[in-house]
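Data first, discussion second: the structure below is written as structure tokens.
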Amino acid sequence: MPRPGFVLEVDRSTPPILFWRGENFSLEKLPAGRSRVIYPPEPLPALDDIDGAIRRALLNPHDQDPLPALLFPGMKLTIAFDDVSLPLPKMRRPDSRQRVMEAVLDMAAAAGVDDVHIIAALGLHRRMHEYELRHALGDRIFDAFHPRGTLYQHDAEDPDNLAVIGTTPQGEVLEINKRAAESDLIVYVNINSVAMDGGWKSITTGLASYRCLSHHHNPETLENTRSLMDRHKSALHQSVWRLGTVLRDHGPKVFQIETTLNTDMFPSPFGFINKREWEWNVKDRATFLATTKSLDRTPIRLARKIFHGIEGPHQMTSVQAGETDAVHKITLEHIFKQQLVPVEGQTDILTLGIPFVCPYNPDGVMNPVLVMCMGLGYLFNMYRNKPLVREGGVIIMTHPTYRDFNPVHHPSYIDFFEEVLSDTTDPATMSRKWEKKYAEDEWYRHLYRTGNAYHGVHPFYAWYWGAHGLQHAGKIIIVGGDAPTVRRLGFTPASTMDDAFEIATDVVGRAPTISHLHVPALLVADVS
Amino acid sequence: MIPEQLAGKRIAITGSTGFVGTALVERLLRSAPGCDLVLLVRPSRRHSASERVRREIFKNNAFDRLKRELEAVGTETFDAMVARRVHAIGGDVSTDGLGLNTDDQAVFASCDIVIHSAAAVAFDSPLDSAIEINLLGPSRVAQTLQALGVRPHLVAVSTCYVAGNRRGSAPEQLVSAGPFDLGLDWRKEVAAGRRLRSDTETASRDPHRLRQFRVEAHKELGAAGAPALAGKTESLRERWVSDELVEAGRARAASVGWPDAYAFTKALGEQALTEVKGDVPVSIVRPSIIESALAEPFPGWIRGFRMAEPVIISYARGLLKQFPGVPEGTIDVIPVDLVVAAIIAVAAVGPEHAPPITQVASGGVNPMKYGLLVERVRDFFTAHPLYDPEGQPIVVPEWQFPARGKVQLQLKRAKAVAERTERVLQALPLRGKQATWAAKLEEYKHDINRAYEYVQLYGLYTECEAIYQVDHLLSVWDTLDAADQAAFNFDPRSVHWPTYVSEIHLPSVVQHSRAKITPGRNRNDRSDRLRRNVLSPDRHVAAFDLENTLISSNVVESYSWLATRRLNVPERIRYVLRTLAEAPGLSSMDRKDRGDFLRYFYRRYEGASVTQIDEDSKELLTQLIVTKSFPAGIRRVREHRALGHRTILITGALDFVVAGLKPLFDEIVAAEMTIRPDGTYSGELSKVPPTGETRAQVLAEYCVAEGLSIEQSIAYADSTSDLPLLEAVGFPVVVNPETRLAAVARNRGWLVEHWSKESGARRPLLPIGELLSDRERKKVFS
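Sequence lines, in order, name chains Z and F. Numbering-wise (this note's numbering), the first sequence opens with residue 1 and increments by one. Numbering-wise (this note's numbering), the second sequence opens with residue 529 and increments by one.
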């Protein structure tokens, strides 16, 4: 039986704690007597018979007819799936999406359905490369559908292929992919890594137009999203659920398939990552030393290649299908079972180790804007009830924060960093002053639609993702980051953790309390 | 009273755009409100005489005081006063009859006083132009007055240094009247000077020499195209002629005992004037070394960068460690306002009372010792150091008072080192920032060269031990009443040298030199200013080159990418080996002529399927072009579009390679291949590829067709072969230049941008397509 997550009070015998630092790690000594480390629960066991479980889920859906009953010859079937932003790191083959989709396609074939389109629901994310599609769906599906033009990627900027489904009482217009909108059935194949994903968010963002997304991807909504992982206290999810209701009432029939993964994220060479420091044996210590020392000497490009090449051993822990709301409720139970850790009260400081990857840079460099997004958008939001750090407290992140960008994936991020961030770091101001220019830029649109670039407006969304954190924290410090780059983000650079604590005294006094969120392995702190 | 004496008088001034001339105009307008001025100014190629007067005289800060005073009184605006009292006429003292038209002759003839202060003062004027202006100028003025039948008082400004290299007292008399007269005939010197000009012009056209100029032009510009090379060659020839004549002047002056051609021609000019003046009453005023103002119009006022300033700044910059001279020697400096007051006083007292020659100098009555100057300069720059571009203070060296030879040797050595380094740098294939270092080195070399010239020339002045007598000056001074003495101070005894040097002159010199006087890194205001100019909404078209301007890739890479895309591994290896073997030949061909290279290279596309290429080109955009693009460059294109400028891409790359860039540009001009009936490319270009001077033509035609102005256009390019394009537009921008272009850009003050590839991009070892799956690879296109 895997052990649950827990909170370690740091005392004088506590060894230094592992922090991510981009493409490397460091061990940091946290002050005794006033620090605590929040450890995630250990990975849950995987399903025994995954393919069997998938079939059972499709045949016994929640609040919905079994899938074969929904399929009939001559129908228009659209299968949409989560894009490359999930899971992190990428799964070892076969990917959950491939397994689920093969089961769905078998049933469709058996029912004589021949008008099937498979659409990557990437919203405003970048188009996937061929090797990524093959990895997620398998060669068989790719080779069968791609050459015929029936496996393709959603285009939120294609005016001819979008359709309006309806409008919410609040005036939010639901506009989604036309093929999906005109289908007799949409089957959505999802991977739910964190509580933020899934539910109505799958279709209403993944297949939506820019216009539709801008209703909830804005600073005001995200400042009132307390947190992204707590759907009932998230303004973003409330908007998404309103749009979902429009879809349910006026749109095509939806058959939602959600899967969850355990947190067994890194293969054996990185075994020490998943262990608690005081339980490290000689081998763990040796691998840690060997890994960090050799990474120190590895050219950064090679280090990136190594890390982005990692395939996680994570396995499916649940699969459920049927009506979206009913399915998502069960999914969340599974997620919280894996990720929830009860924590008592807030502290003055929150420390976060930032890894080499976030949902927006699979197979690419994690640029400074994404460092902010990962720290303040994702990790800071890993809470229910209240944040781990008190309002006005300090957030300390460890990351090299180099000024590196991938020009193919993140062209608008480069300009955002140079042009927008040198003007303002305030989400509301940048939204007013700059967002439209980037969102409607012809060149970005061209690269999004024909290349592999994130949409022009995406860096704004990445920044808004951290809006709640920005507004909540009194000071944000990055340890080990490139100083001019960190300053451009509006944060304070520090060279060591001790310096960072020293800098933080301005805000939180001489003996602040500290929480460290121990990632990787995902966890959601349930702060009372 | 001087103002009363000048009231109602009309005064003509030559050389009013110069240092003394501007001060003279200002002083007369301000301190002698009753007089009118006629300014004889040579029209320039661009501006008429009156336009030059407006731009070059009245915009000077010398007039700030007068403008303020008039505003305070409020009866007449400055412009109205100028319109009432100042008449500009077009003329040239190096032409017989001063080149006046009939109307202007009448105006000139109506003058009561003519002050001739036009001169070629530069130490590097060619001998013949020094002769035309300095030697013949004064006589021409006198002869013109005679021809017009008028006899106004002619006050000619000369120099104390006409006395030549001599020790001891130099009295206020003609050199020819003194004991050291060599009996030179000025007419012979004029004839010899003119002959020398025509001989040198002939010599410069010697085929052997012309070949040299061409080789040098090619070295400097590279493959810039025939018109650009021809232009450069001709300007090198002209420079050679001018250098020869400068050297000839220096040699001739030295041979007969003058420090330089300026003093020499001035001395003969006095002689000539005395001989030809006839009954025109003449007074000669001889200042010594004129420096910034003591008090009028304000302390420290100076115009232009003159004798001592470049030397002082070179020392403060650490460039000049030494300057020859003896500490107890006298350096004869006189503030400009004293000179101007003396000229006005001489003019005011009239031809009957004015001495024939008046020297305005300090050496005789209030000498400034060279040692004192050096000490003050050193103290000043120790207290207020200049800063190098890195923001570090420059420490000035201790002065050793070396002999001239030693200093020259030092500089020669520094120059040799710089030249060697430069040769090495030019041989390296540098680009961008590194190439700019090479350009900076060239500037450093230029600075050393200049310092060398100064030492060579001004060394003579500091070593000159003549003491200029000022008896005539003081006798005029004594006739003035107290009010005039207060308003028109020209008493050399009134200058307190330590105060003048430390508190008036040096701060002004530093300010004018635009040297860096604050610590911290350079913010590079100049580039910012140029960039603002380029990104002004007034511009019309922005033209871009592609390779190394917007992307760091070339036609060989895009071909390789497309050619290998559907090959399997062994085929790829063979392809790479074959291409590597060909590389040296291709690159040398490219250096010789881009157009020929492209035609030759593009034949490789023969037989390629148009459909396949079109499909593959889509991937080429992200995999090669965007990956290797300069994001700052792409951003700049879009900034231009946002400002409403047309954007045009002019490239020798093939149209399908750049097709993906269409959303960035209003117009893409690229090479195009003809297509055969079977749907394959022929490998032959359908028209001349846009390279070299063709690009300038393409842009010019585009501008004409669209009704836009090429003057208001911007061109971005990276190589000297684009010089015709860069020169054709009003706002050239050089991107990541190679060494030669960096030097050109620096000389001409063009904006230089350093754009780089994004560091987070993939960097494949070879520009070949990603390996495709078997099925994709074998896809058949028809």
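Where a beta carbon is used, it is the ideal one built from N, C-alpha and C, also for glycine.
Report the CB separation of glycine 1288 of chain F from aspartate 404 of chain Z in whole angstroms; it is logged as a contact under 8 Å.
Between aspartate 404 of chain Z and glycine 1288 of chain F the Cβ distance is about 4 Å, and since that is below 8 Å, they are a contact.
Distance cutoff 8 Å, beta carbons only. Does threonine 496 of chain Z sit that close to anything in chain F?
With its beta carbon at least 8 Å from every one in chain F, threonine 496 of chain Z lies outside the interface.
Strictly below 7 Å CB to CB, what residues from chain B border asparagine 452 of chain Z?
Among the protein chains of the structure shown, namely Z and F, there is no chain B.
Valine 408 of chain Z beta carbon less than 8 Å from that of valine 1154 of chain F
For valine 1154 of chain F and valine 408 of chain Z, yes; Cβs fall inside 8 Å.
Three CB pairs or more closer than 8 Å across the segment 315-331 of chain Z and the segment 105-114 of chain Z:
Flag = no, the segment 315-331 of chain Z and the segment 105-114 of chain Z do not touch.
For proline 666 of chain F, I'd like the list of residues in its chain whose CB is within less than 6 Å of its CB, leaving aside the five on either flank, ordered along the chain.
These residues qualify, in order along the chain: His644, Ala684, Gly797 and Leu801.
Given a threshold of 16 other Cβ atoms within 10 Å of its Cβ, counted over all protein chains shown, does serine 495 of chain Z qualify as buried or as exposed?
Exposed is the call here.
Chain F beta carbons: is any one of them nearer than 8 Å to that of leucine 137 of chain Z?
Not an interface residue.
Straight-line CA distance for valine 524 of chain Z to serine 318 of chain Z?
It is roughly 18 Å from the alpha-carbon of valine 524 of chain Z to the alpha-carbon of serine 318 of chain Z.
Ranges of the alpha helix (DSSP H) found wholly within the segment 334-367 of chain Z, counting only runs of at least 4
Listed in chain order, there is nothing to give.
Consider the Cβ of leucine 447 of chain Z: report whether some Cβ of chain F lies at a distance smaller than 8 Å.
Yes, contact with chain F.
Contacts of leucine 1192 of chain F in chain Z (Cβ-Cβ under 7 Å)
Here the neighbours are Trp443.
Who are the neighbours of aspartate 158 of chain Z on chain F, taking C-beta pairs under 7 Å?
Neighbours of aspartate 158 of chain Z on chain F: none; closest Cβ ~15 Å, over 7 Å.
Answer yes if the segment 250-268 of chain Z comes into contact with the segment 332-344 of chain Z, meaning at least three C-beta pairs across the two stretches below 8 Å, and no otherwise.
With the cut-off at 8 Å, the segment 332-344 of chain Z and the segment 250-268 of chain Z touch.
Interfacial residues, the segment 1284-1300 of chain F to chain Z, with Cβ spacing under 9 Å
Taking a C-beta cut-off of 9 Å against chain Z, the contacting residues of the segment 1284-1300 of chain F are Lys1285, Glu1286, Ser1287, Gly1288, Ala1289, Arg1290, Arg1291, Glu1298 and Leu1300, listed in chain order.
Run of the beta strand (DSSP E) containing methionine 316 of chain Z, from where it starts to where it stops
Under the DSSP assignment, methionine 316 of chain Z falls in the beta strand (DSSP E) whose first and last residues are 316-322.
Which same chain residues end up closer than 6 Å to phenylalanine 380 of chain Z when comparing Cβ atoms and leaving out the 5 residues on each side of it in sequence?
Residues Gly469 of the same chain have their beta carbon placed closer than 6 Å to that of phenylalanine 380 of chain Z, with the five preceding and five following residues left out of the count.
For phenylalanine 547 of chain F, does the count of other Cβ atoms within 10 angstroms reach 16, so buried, or fall short, so exposed?
Counting Cβ neighbours within 10 Å, phenylalanine 547 of chain F comes out buried, since at least 16 surround it.
Threonine 1155 of chain F touches chain Z at which residues, Cβ-Cβ below 7 Å?
By Cβ distance, chain Z contributes Pro407 and Val408.
What is the DSSP secondary structure of asparagine 274 of chain Z, counted as helix, strand or coil?
Asparagine 274 of chain Z falls in the helix class under three-state DSSP.
When DSSP labels each residue in this structure, what does histidine 516 of chain Z get in the three-state scheme?
Of the three classes helix, strand and coil, the one that applies to histidine 516 of chain Z here is strand, per DSSP.
Taking only runs of the alpha helix (DSSP H) that begin and end inside the segment 575-614 of chain F, which ones reach a length of at least 4 residues, in chain order?
Complete alpha helix (DSSP H) runs here, min 4: 577-580, 592-601 and 606-613.
Tyrosine 566 of chain Z: buried (16+ other C-beta within 10 angstroms of its C-beta) or exposed?
Only positions 1 to 528 of chain Z appear in the structure, and residue 566 of chain Z is not among them; the question remains open.
At a Cβ cut of 8 Å, what residues of the segment 363-391 of chain Z count as close to chain F, listed as they run along the chain?
Per Cβ criterion, the list reads Gly364, Val365 and Asn367.
Partners in chain Z for proline 1159 of chain F, counting only beta-carbon separations shorter than 9 Å:
One finds Phe405, Pro407, Pro411, Ile414, Asp415 and Glu418 in chain Z with Cβ atoms closer than 9 Å to the Cβ of proline 1159 of chain F, taken in chain order.
Contact list for the segment 276-302 of chain Z against chain F, Cβ threshold 8 Å:
Going along the segment 276-302 of chain Z in chain order, one finds Arg301 with a Cβ nearer than 8 Å to chain F.
For arginine 1163 of chain F, go through chain Z and note every residue whose CB falls closer than 9 Å to its CB, in chain order.
Ile414, Asp415, Glu418 and Glu419, listed in chain order.
Among the candidates Z/Leu70, Z/Ala235, Z/Met366 and Z/His217, whose CA atom is the shortest distance from the CA of leucine 124 of chain Z?
Comparing alpha-carbon positions, the option among Z/Leu70, Z/Ala235, Z/Met366 and Z/His217 lying closest to leucine 124 of chain Z turns out to be Z/His217.
Thinking leucine 67 of chain Z and proline 73 of chain Z are a contact (beta carbons under 8 Å), I'd like their distance in whole angstroms, please.
Taking 8 Å as the upper bound for CB-CB distance, leucine 67 of chain Z and proline 73 of chain Z are not in contact here, some 15 Å apart.
Can you name the residues of chain Z whose CB is closer than 7 Å to the CB of lysine 747 of chain F?
Correct list: empty, because the minimum Cβ distance to chain Z is about 36 Å.
Proximity winner among Z/Arg297, Z/Pro267 and Z/Ala46, relative to methionine 1 of chain Z (alpha-carbon distances)
Here the closest residue by C-alpha is Z/Ala46.
Could you tell me the alpha carbon to alpha carbon distance between leucine 1063 of chain F and alanine 1245 of chain F, rounded to whole angstroms?
Roughly 16 Å between the two C-alpha positions.
Start and end of the beta strand (DSSP E) containing threonine 592 of chain Z?
There is no way to answer for residue 592 of chain Z, as the model of chain Z reaches only from 1 to 528.
Give the list of continuous alpha helix (DSSP H) stretches no shorter than 4 residues that lie fully inside the segment 994-1079 of chain F.
Fully enclosed alpha helix (DSSP H) runs of 4 or longer: 999-1007, 1010-1015, 1034-1041 and 1053-1062.
Should lysine 329 of chain Z be counted as a contact of the ligand COA given a C-beta to heavy atom distance under 7 Å?
What this structure holds is no ligand at all, so the ligand COA is not there to describe.
Am I right that proline 31 of chain Z and isoleucine 396 of chain Z are in contact with their C-beta atoms under 8 Å? What's the rounded C-beta distance?
Proline 31 of chain Z to isoleucine 396 of chain Z, Cβ: 12 Å. No contact.
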